[in-house]
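Just below is one structure, and these are the notes that go with it.
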Amino acid sequence: MKLILFDLDNTLLAGDSDFEWAQFLIERGVLDRELYAARNQAFYEQYRAGTLDIHEFLDFQLKPLSRHPRVQLDAWHTDYMQQKILPLMTPAAQALVGRALADAELVAIITATNSFVTAPIARAFGISHLIATEPEQVDGNYTGRVAGTPSFREGKIVRLHEWLGSLGKALDDFDQSWFYSDSLNDLPLLNLVTHPVAVDPDATLHEHAIQCGWPVISLRGE
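For the sequence shown, the positions run 1 to 222 when full-length UniProt numbering is used.
Structure (structure tokens):
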């Protein structure tokens, strides 16, 4: 059996959905530009450098969800998808997903970005399984806190095992396990699967992939 996992930001997407969601809210005037723009950029740079404090970032990223009713958030997300996300879904990425869905018994997106932002994106790619950081909800509204283990670095491995267990499966059940990612932050999971693939990788992951003989591919500009 074959399991195929995709990172989302800067892998399937030619950009970062977390960063773009905050930028969208800033552009809409929902978040104060002076206060949030610099912090959003700083967190993004920390992520790229592998120095991100995930709990500090999630406090920044999830708090705005708690300040607005779900119906308003969903309406904003619809516009966000059209304006920010669809232009980042390259034909090459969509073709790769199509081949994966035809070829593998199980396909999922596994991302550090929260499920409110990413669930509609996964659906747009035609992928029904999503492992993402889960925002806590009470009575259908977000609290601004995270529920469970964030799907980040080693946390992706924890969440992967939990998800497979919920399906009555384990990673060892699959003869082939593939993971496509751009980021040094995903090295723990890339080193776990049988077929790691570096996609438009950052410098650290690119060097590691070359040393290990992993495939390096690009999904940009096609």
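Every residue gets a Cβ at the ideal spot worked out from N, C-alpha and C, and that includes glycine.
Under a three-way DSSP split, which group does residue i fall into?
{"i": "Lys84", "result": "helix"}
{"i": "Ala108", "result": "strand"}
{"i": "Gly168", "result": "coil"}
{"i": "Leu206", "result": "Strictly speaking, residue 206 in this sequence is His, with Leu absent from that position. Helix."}
{"i": "Val158", "result": "helix"}
Bridge partners for residue i per DSSP, in chain order?
{"i": "Ser177", "result": "Leu3"}
{"i": "Thr133", "result": "Asn114"}
{"i": "Val193", "result": "Answer is none; Val193 lacks a bridge partner."}
Quick check on the DSSP output: the alpha helix (DSSP H) that includes residue i runs from which residue to which?
{"i": "Ala102", "result": "Pro91 to Asp103"}
{"i": "Ala49", "result": "Arg33 to Ala49"}
{"i": "Ala14", "result": "Note, Ala14: premise wrong, no alpha helix (DSSP H); not H, not E."}
{"i": "Asp59", "result": "Ile54 to Leu62"}
Within 10 angstroms of its Cβ, does residue i collect 16 or more other Cβ (buried), or is it exposed?
{"i": "Pro188", "result": "exposed"}
{"i": "Asn40", "result": "buried"}
{"i": "Val199", "result": "buried"}
Since residue i is in the beta strand (DSSP E), which residue starts that stretch and which ends it?
{"i": "Pro120", "result": "It is not in any beta strand (DSSP E) - Pro120 instead sits in the alpha helix (DSSP H) that spans Ser115 to Phe125."}
{"i": "Ala147", "result": "Asn141 to Ala147"}
{"i": "Pro201", "result": "Unbroken run through Pro201: none, as it is neither H nor E."}
Which whole-angstrom value describes the C-beta separation of residue i and residue j, a residue pair presumed to lie in contact below a C-beta threshold of 8 Å?
{"i": "Asp202", "j": "Thr11", "result": "About 11 Å separates the two Cβ atoms, so there is no contact after all."}
{"i": "Leu3", "j": "Leu106", "result": "5 Å"}
{"i": "Phe43", "j": "Leu31", "result": "Wrong, their Cβ atoms sit about 13 Å apart, outside the cutoff."}
{"i": "Ala132", "j": "Thr113", "result": "6 Å"}
{"i": "Leu8", "j": "Thr118", "result": "6 Å"}
{"i": "Gln120", "j": "His55", "result": "According to the sequence as given, residue 120 is Pro; it is not Gln. The Cβ separation is near 25 Å, so there is no contact."}
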